[in-house]
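K.L.:
Structure in structure tokens, see below.
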Amino acid sequence: MDAWVLSNVQKVGYMRYLRCTPRFVLLVCLTCTFLGEESHTALAQTKVEAEKPATGGPESSAEKQDDWDRLIYIPFKNIKDVFQKSDATVFMPYIEYLKLWSQSAGVGTDGKIQFPVKAVVTSSAYTTTIEENVARIKCDLTIQVMGDPWVEIPLQFGDAAIGKVTSEKSKVFLRGTGPGRYALLLSEKGEHQVQIELLTRVKNSPEGHHFQFVCPTVGITTLDLTIPEADQTVKITPQLVRLPAESTPKSTVVKSTVGATDQISVLWYPRESSKPEMDLLASVENSTLVYIRDGLVHTQATLKYDVLRGDMKSARIAVPLNDRILDLSSANTKIKSWKVEKGDGRQVIQVDFLNQLQDDAQIEVHTEKEIPEEPFEILGLSDSATHGIHALDVIRESGQIAIDAGDSMTFSVTKMEGVTRSEASNVPSPLRRSGAVYYRFFNPSATLQIRVQPLEPRIFVTQQTDCYFGEDEIKVSAQLSYHIQRAGIFSFQLKVPDDLEIDSVNVPGLKEYNFDKQSRILTVSLQQKFQGNLLLQVRAHRDLAQDDLSGTVNIPLLEATGVERETGQIAIYAPESMELIISNPDVVGAQPASNPQQRRQSNLALASVWEYNRRPVVIPVEIQIKPTRLVADVATSIKVKEQIAEVTSRIDYQVQYAGVDTFRFAVPEAVADLIQIRSISPAPAPSIKQKSRAAEAVDGWVTWTVVTQRNVQGPYSLAVNYDITPGLQAVAAKPAEKKLAEGKQASEKEGGKDQEDPEAEAKASDKPAEAEAGEVALKQIALQPVKVLGLEKSDDQPRSRNVPLARVYGEIAVSKSKTLSVTTAQLADQLEPIDLRELTLLPQEGFLAYRYFSQPVMLDLASTRHQIQEVVETIVLKSLVEIVVSKEGRSTYRCRYLMKSSERQQLKVALPEGIEPLSITVAGQPVPLEKADDSENEEGWTNYFVNVSRDQASGNAFLISLMFTKSVPRITDSPGGKLTLLLPRLGGTQADNVVVQQLKTVIWIPEEYALVRATDDFEAEYEPYLSGGIPHRGGVTATASDFDSWIGSTAVSLIDFPTEGRAYSFTRLGSSQEIGVSWWKLSVFSWVLGGALFIIAVVMRNTSWENKVAVLILLAFLLAMFSLTQADKILHGIYAARFGILALVSIWIVYTIAALRSGTGSGMSQSSQLKTNGNSAAVIPPPGVFDDFQDDKSEEK
2 MDAWVLSNVQ KVGYMRYLRC TPRFVLLVCL TCTFLGEESH TALAQTKVEA EKPATGGPES
62 SAEKQDDWDR LIYIPFKNIK DVFQKSDATV FMPYIEYLKL WSQSAGVGTD GKIQFPVKAV
122 VTSSAYTTTI EENVARIKCD LTIQVMGDPW VEIPLQFGDA AIGKVTSEKS KVFLRGTGPG
182 RYALLLSEKG EHQVQIELLT RVKNSPEGHH FQFVCPTVGI TTLDLTIPEA DQTVKITPQL
242 VRLPAESTPK STVVKSTVGA TDQISVLWYP RESSKPEMDL LASVENSTLV YIRDGLVHTQ
302 ATLKYDVLRG DMKSARIAVP LNDRILDLSS ANTKIKSWKV EKGDGRQVIQ VDFLNQLQDD
362 AQIEVHTEKE IPEEPFEILG LSDSATHGIH ALDVIRESGQ IAIDAGDSMT FSVTKMEGVT
422 RSEASNVPSP LRRSGAVYYR FFNPSATLQI RVQPLEPRIF VTQQTDCYFG EDEIKVSAQL
482 SYHIQRAGIF SFQLKVPDDL EIDSVNVPGL KEYNFDKQSR ILTVSLQQKF QGNLLLQVRA
542 HRDLAQDDLS GTVNIPLLEA TGVERETGQI AIYAPESMEL IISNPDVVGA QPASNPQQRR
602 QSNLALASVW EYNRRPVVIP VEIQIKPTRL VADVATSIKV KEQIAEVTSR IDYQVQYAGV
662 DTFRFAVPEA VADLIQIRSI SPAPAPSIKQ KSRAAEAVDG WVTWTVVTQR NVQGPYSLAV
722 NYDITPGLQA VAAKPAEKKL AEGKQASEKE GGKDQEDPEA EAKASDKPAE AEAGEVALKQ
782 IALQPVKVLG LEKSDDQPRS RNVPLARVYG EIAVSKSKTL SVTTAQLADQ LEPIDLRELT
842 LLPQEGFLAY RYFSQPVMLD LASTRHQIQE VVETIVLKSL VEIVVSKEGR STYRCRYLMK
902 SSERQQLKVA LPEGIEPLSI TVAGQPVPLE KADDSENEEG WTNYFVNVSR DQASGNAFLI
962 SLMFTKSVPR ITDSPGGKLT LLLPRLGGTQ ADNVVVQQLK TVIWIPEEYA LVRATDDFEA
1022 EYEPYLSGGI PHRGGVTATA SDFDSWIGST AVSLIDFPTE GRAYSFTRLG SSQEIGVSWW
1082 KLSVFSWVLG GALFIIAVVM RNTSWENKVA VLILLAFLLA MFSLTQADKI LHGIYAARFG
1142 ILALVSIWIV YTIAALRSGT GSGMSQSSQL KTNGNSAAVI PPPGVFDDFQ DDKSEEK
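Just so we're aligned, residue 2 is where the sequence shown starts under the numbering used here, counting upward by one.
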């Protein structure tokens, strides 16, 4: 069957392609006009072959060879443009096209083209007539055959019986292929009309009459149904479009297009049911949501009807009488209309449906009412009253009710009958709400009564109160942690104790706060409604009267109002001067804290911690003021200088228990007006408010009073400074009586002595006395450190009180200038000399140290000045002098000095006469060279000044660089000689106050010259040496920067320092004003010494080796002895005579070998062949000596 369909499809495609044949025929005819009869033959052949597919036989292969004349040639340069165009046209013979198409579609076994299908059912029409319980179906099929006969079309009709099969124009046969499956055989190509009669059974059911049958799937399918009954409702499945049809009075006609389907079902029933009338029987599932919003009770009830029997045309719903009905709707049922009727105790909604309902129906009702003040019922249905929304005229009603009070309201169940609590998981999802409560009921007579009231917030407060007791007030810092649940709040209130003043209120989102002094209520308002955790900080204070300091005071506590529970902790802080006494029996509502949360305060100590969990709370406190304890440490530092002594006293007060704002101390009357007082305590210590001096001195002491800005408790330091000048004694004057008694005693002791003029004695005392060891006495120093005093009660200041000084401790440190020597006379009993390392109040440095534990004390010092020994002003750490000597008789100097100098202005430098300065720098900065007075010059030298002012300290090393040129004797005029080079002299020609530690002199001379010796005070660094018997010359090949590492700094000058030749370096300790060197011209000395050695070698060539060796030993001995003082010259001489030495050795060896070959043995004495005992000994020549001789003999033979 499939092959038949494929053949028909091939033929259909073949017919389509034949439509293009006229075009190709026309093309071939035009070609034949030019090609003649052969073209006609080709045309005939093409027409014949066009009717059948091409076969690849030998004839066609031969034809391919002749088809080259029909090809279309395209230039190669344009072929790319042709193939890249999507709209390009390809010309080919039709037979070639058929070959390609047949290869893609496939070729059948018979060699013909195989189409995809062989026959197609293009349309089907079913005309159905109902005859009692049988449906007679006439099927008209339109079939298009493309394949060769016979063509087979598969059909299926299921359970339908086939009556007959007919076709007017063609022969058709029907054969069965299986249960409900058939095959229709067609004998001709083309279009066929086939009629098939079917019979199927009509079934009856409560819904009506229906039948169905299976049909072949056709693209166009129509159904024409005639039912011999009027006014029938017909349902056809599937049904795409219902076509208009006219029914007779006794029948119902339906036309419909069903589309491509494999089965058609038909159901019909009378428009007005002929079934017996039955009473309605239905049940209802009631899902009610009661939610409270905006002061109203909203009820949303979903009534799901389940029709168990009969048809439901309408429904009745009961609503409470006071509810406003907002809306009624249905999601799955069309409502025709609804109206409300008010009856006894309820409202009844009459709902009419558009159609009679036999299935489920769902109705939603929305109502609202105001919130009653009394409890009200939301569920229940009785004859007298209706609560909630319920369905009427139903056999059964059950359901669920959800109550959502919202965020601002709450409810409580006051009465519950016939309902049970339900979980959210058992509630349908449309009924679920966050925070809702669910109940289930099984009878509409159940009762559920609730009370709705505004949601009151639940507030829990935790308070942390810190009370800080002071001398004049109590400061209160309260932190209240509010935990607000259920509902938010806009404001809250606190009750404030009497005499407590509010200073500040701080809370997040604060709008304002108001304090009513009459009711003592603090109201805090927020910007928006708040729920959750809230932290409130309140600061307040309570003034303390004078009576409160000696009585009992209750701890002031803020009380949060309108809260369910308040707990808190109270921490009480007090200064050291105040003692707080709390009697436990008098405390109400509080107990000592078991886990106190202590917070450290700077100057207050924690007295006690209490906690409470209920109100009222009363904590009485008895205040007792402790007396002030004053302790002082005095640290006195004395700096003794040549004409003055600087005295600095630091008084370290320690105020304990109670604070004070006044401090008193006394100083000797002689320095009372000279002292300077200042506070040296760091912040937050108060500053000095007032300093006052007593008008009169008492026993030689003047009292100073210092008043601070506020009370001081703890450490507080004052600094007292003054200077002692010659003739000033910083001691307290003794009383007149005591002076008179001492004068009498002095006169009795000195009665035998001559009385001298007091003015002369005074003058003599002012003159410095000669001391031993070259010291001169300058002055006597007598002083008494400041005396710390306690406080005294004053009548004009009521708050003043007597505060004695509990303890005093003092230290004295004496430091001096380096040029002075300080000694002490007999010490007072109160003073104790100590080591400097025992100082605790002063730095452990100075010359003398003392301490004392009582006051006043007296210290007498005598200072003497040492004679000044002058020191060197300038020290040159390293001196580097670099000299380049040229052949032209000109030398270039670069002198660098790394030095330390106390000279800050000018430094004298003596330079050789006739120089030309090039560059002068000091610490990297160029400076001018100033010429000094000519009267100070020596012969051959000129003094200059160099400005050495600099930003560095005198102790820092700096570099001075001098660069100049000077003429020297020409070294090219003679083969050798001596050269004296003058070196700069720092400090002038006399070198005043200048010391040079190291000096290095580097001299560059041309390569053909060598410096063979320097003066004895210099030592050469790069001396000539022998390495492996080969002499090497002295000096080194170096550049101008190779010696920067030795001086430790790079030269900074305006011009470069060029070098040429070989460098010779000489060093010495200390300075030198010149360096003398001996120089050789190596080429001359090489000729002289080499020639002499050559002559010696020639003269002694025939002498014995004993003589030669003896001469060499003698010469070596003389050179070694001469090298003890002239080693440089000896080594340079060896280097210059290196060629002569080589020539000497070579000549002697050559003559020796020649003598051995000739056999004369002239170079050897006969005595050398004899042993010391007179006997001859055999001489064994070395191997190879006679080889040449034997060769000569053999050649002669």
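Ideal Cβ placement from N, Cα and C applies to all residues, glycine included.
#1: Under three-state DSSP, which class holds Glu839?
#2: Would you say Arg434 and Glu369 are within 7 Å of each other, going by their C-beta atoms?
#3: Which same chain residues, not among the five before or five after Val508, have their C-beta less than 8 Å away from its C-beta?
#4: Nearest-angstrom Cα distance between Arg986 and Ser1079?
#5: Determine the contact status of Ala1064 and Gly1036, defining contact as a CB-CB distance below 7 Å.
#6: Return helix, strand or coil for Glu52, following the three-state DSSP convention.
#7: When you compare the CB positions of Leu982 and Ile1048, do they come within less than 7 Å of one another, or not?
#8: Note the first and the last residue of the continuous beta strand (DSSP E) segment covering Met313.
#9: Which class does Pro431 belong to by DSSP, given the choice of helix, strand or coil?
#10: Tell me which residue opens and which closes the alpha helix (DSSP H) that Gln1127 is part of.
#11: Please go through the same chain and pick out, in chain order, the residues whose beta-carbon is closer than 7 Å to the beta-carbon of Lys768, but skip the five residues on each side of it.
#12: Are Glu378 and His388 close, meaning C-beta to C-beta below 7 Å?
#13: Between Val135 and Leu200, is the Cβ-Cβ spacing less than 7 Å?
#14: Please report the residue range of the beta strand (DSSP E) in which Leu792 lies.
#15: At what residues does the alpha helix (DSSP H) containing Ala1093 begin and finish?
#16: Going by C-alpha distance, which of Glu208, Ser968, Asp1045, Cys468 is nearest Gly890?
#17: Give the DSSP-derived three-state secondary structure of Leu550 in the structure shown.
#18: Apart from the five residues on each side of it in sequence, which residues of its chain come closer than 7 Å, Cβ to Cβ, to Arg615?
#19: Pull up the distance between the alpha-carbon of Val1013 and that of Asp952, whole angstroms please.
#20: Decide if Trp702 is buried, meaning its Cβ has at least 16 other Cβ atoms within 10 Å, or exposed.
#21: Leaving aside the five residues before and after Pro557 along the sequence, list all residues of the same chain whose C-beta is less than 6 Å from its C-beta, in chain order.
#22: Mapping DSSP to helix, strand and coil, what is Val787?
#23: Could you give the uninterrupted runs of the beta strand (DSSP E) lying entirely in the segment 831-918, keeping only those of 3 residues or more?
#24: Can the beta-carbon of Tyr723 be found less than 7 Å from the beta-carbon of Ile689?
#25: If you drop the 5 nearest sequence neighbours on each side, which residues of the same chain put their C-beta closer than 6 Å to that of His210?
#26: Grab me the residues of Gly489's own chain with a C-beta within less than 6 Å of its C-beta, minus the 5 sequence neighbours each way, in chain order.
#27: I need the boundaries of the alpha helix (DSSP H) containing Ile1048, first residue and last residue.
#28: For Phe491, I'd like the list of residues in its chain whose CB is within less than 7 Å of its CB, leaving aside the five on either flank, ordered along the chain.
#29: Need the endpoints of the beta strand (DSSP E) that Trp942 sits in, please.
#30: Since Leu358 contacts Ile336 with CB under 8 Å, what's their CB separation in whole angstroms?
#31: Taking the straight line between their C-alpha atoms, what separation do you get for Ile624 and Ala572?
#32: For Ser920, does the count of other Cβ atoms within 10 angstroms reach 16, so buried, or fall short, so exposed?
#33: Are Asp653 and Asp634 closer than 7 Å when you measure CB to CB?
#34: Could you check where the beta strand (DSSP E) with Cys468 kicks off and where it finishes?
#35: Residues in the same chain with beta-carbon distance under 7 Å from Phe212, minus the five sequence neighbours each way, listed in chain order, please.
#36: Using CA atoms only, rank isn't needed, just tell me which of Thr123, Asp935, Gln998 is closest to Lys879.
P.N.:
In short:
#1: Counting from one through the sequence shown, the residue named residue 839 turns up at place 838. In the structure shown, Glu839 sits in a helix (DSSP, three-state: H, G or I).
#2: By 1-based counting over the sequence shown, the position of residue 434 is 433. By 1-based counting over the sequence shown, the position of residue 369 is 368. Contact: no.
#3: In the sequence shown, the residue the question calls residue 508 occupies position 507. Within the same chain, Val508 has close Cβ partners Val525, Leu527, Leu535, Leu536, Leu537, Gln538.
#4: Residue mapping note: residue 986 aligns to position 985 of the sequence shown, counting from 1. Residue mapping note: residue 1079 aligns to position 1078 of the sequence shown, counting from 1. Their backbone Cα atoms lie some 23 Å apart in a straight line.
#5: Here residue 1064 corresponds to residue number 1063 of the sequence shown, with the count starting at 1. Here residue 1036 corresponds to residue number 1035 of the sequence shown, with the count starting at 1. Yes, the Cβ-Cβ distance between Ala1064 and Gly1036 is below 7 Å.
#6: Position 51 of the sequence shown, counted from the first residue, corresponds to residue 52. Caution applies to Glu52, whose pLDDT of 39 falls short of 50 and renders its modelled position unreliable; the model cannot decide the point.
#7: As a first step, residue 982 is located in the sequence shown; it is residue number 981 there, counting from the start. As a first step, residue 1048 is located in the sequence shown; it is residue number 1047 there, counting from the start. Not a contact, by the Cβ cut-off of 7 Å.
#8: Taking the sequence shown and counting its residues from 1, one reaches residue 313 at position 312. Residues 313-321.
#9: If you number the sequence shown from 1, residue 431 lands on position 430. Helix.
#10: Residue 1127 sits at position 1126 when you count from the first residue of the sequence shown. Taken as a continuous stretch (DSSP letters only), the alpha helix (DSSP H) holding Gln1127 covers 1106-1137.
#11: Residue 768 sits at position 767 when you count from the first residue of the sequence shown. Low per-residue confidence applies at Lys768: pLDDT is 41, beneath 50, and the placement is therefore not dependable, though the value from the model is reported in the following sentence. Closer than 7 Å at Cβ, skipping near neighbours: no residue.
#12: Position 377 of the sequence shown, counting from 1, holds the residue named residue 378. Position 387 of the sequence shown, counting from 1, holds the residue named residue 388. The answer is yes: Cβ separation under 7 Å.
#13: Taking the first residue of the sequence shown as position 1, residue 135 is located at position 134. Taking the first residue of the sequence shown as position 1, residue 200 is located at position 199. In contact: Val135 and Leu200 (Cβ atoms closer than 7 Å).
#14: As a first step, residue 792 is located in the sequence shown; it is residue number 791 there, counting from the start. Run containing Leu792: none; DSSP gives neither H nor E here.
#15: Here residue 1093 refers to the residue found at position 1092 when the sequence shown is read from its first residue. It spans 1083-1100 - the alpha helix (DSSP H) in which Ala1093 sits, taken as one unbroken run.
#16: Here residue 890 is taken as the residue at index 889 of the sequence shown, counted from 1. Minimum Cα distance to Gly890 is reached at Ser968.
#17: The residue labelled residue 550 in the question sits at position 549 within the sequence shown. Three-state result, Leu550: helix.
#18: The residue given as residue 615 occupies position 614 in the sequence shown. Excluding sequence neighbours, Arg615 sits near Gly590.
#19: Within the sequence shown, numbered from 1, the residue matching residue 1013 stands at position 1012. Within the sequence shown, numbered from 1, the residue matching residue 952 stands at position 951. Near 45 Å, if we compare the C-alpha coordinates of Asp952 and Val1013.
#20: Translated into the one-based positions of the sequence shown, residue 702 becomes position 701. It counts as buried.
#21: Counting from one through the sequence shown, the residue named residue 557 turns up at place 556. These residues qualify, in order along the chain: Val477, Pro498, Leu501, Arg543.
#22: Within the sequence shown, residue 787 is the residue found at index 786, counting from 1. Of the three classes helix, strand and coil, the one that applies to Val787 here is coil, per DSSP.
#23: 849-853, 860-867, 875-886, 891-902, 907-913
#24: Numbered from 1 along the sequence shown, position 722 holds the residue referred to as residue 723. Numbered from 1 along the sequence shown, position 688 holds the residue referred to as residue 689. No, they are not a contact pair.
#25: Walking along the sequence shown from the start, residue 210 turns up at place 209. Cβ neighbours of His210 beyond the five flanking positions: Val203, Trp269.
#26: Position 488 of the sequence shown, counting from 1, holds the residue named residue 489. Within the same chain, Gly489 has close Cβ partners Lys530, Phe531, Gln532.
#27: For the purposes of this step, residue 1048 is taken as residue 1047 along the sequence shown, with counting starting at 1. Element bounds for Ile1048: 1045-1048.
#28: On the sequence shown, residue 491 is found 490 positions in, with the first residue counted as 1. Taken in chain order, the residues that qualify are Ser526, Leu527, Lys530.
#29: By 1-based counting over the sequence shown, the position of residue 942 is 941. First-last of the beta strand (DSSP E) with Trp942: 942-948.
#30: To locate residue 358, count along the sequence shown from 1; it is residue 357. To locate residue 336, count along the sequence shown from 1; it is residue 335. Contact flag wrong, Cβ pair sits at about 11 Å.
#31: For the purposes of this step, residue 624 is taken as residue 623 along the sequence shown, with counting starting at 1. For the purposes of this step, residue 572 is taken as residue 571 along the sequence shown, with counting starting at 1. Going by the C-alpha atoms only, they are around 16 Å apart.
#32: Numbered from its first residue, the sequence shown carries residue 920 at position 919. With 16 or more Cβ atoms within 10 Å of its Cβ, Ser920 is classed as buried.
#33: Along the sequence shown, one-based indexing puts residue 653 at 652. Along the sequence shown, one-based indexing puts residue 634 at 633. Against a cut-off of 7 Å, the Cβ pair of Asp634 and Asp653 comes out as a contact.
#34: Translated into positions along the sequence shown, residue 468 becomes position 467. Element bounds for Cys468: 459-470.
#35: Taking the first residue of the sequence shown as 1, we reach residue 212 at position 211. So the qualifying residues of the chain are Ala136, Thr201, Arg202, Val203, Lys204, Val267.
#36: Along the sequence shown, read from residue 1 onward, the residue named residue 879 stands at position 878. Closest by alpha carbon: Gln998.
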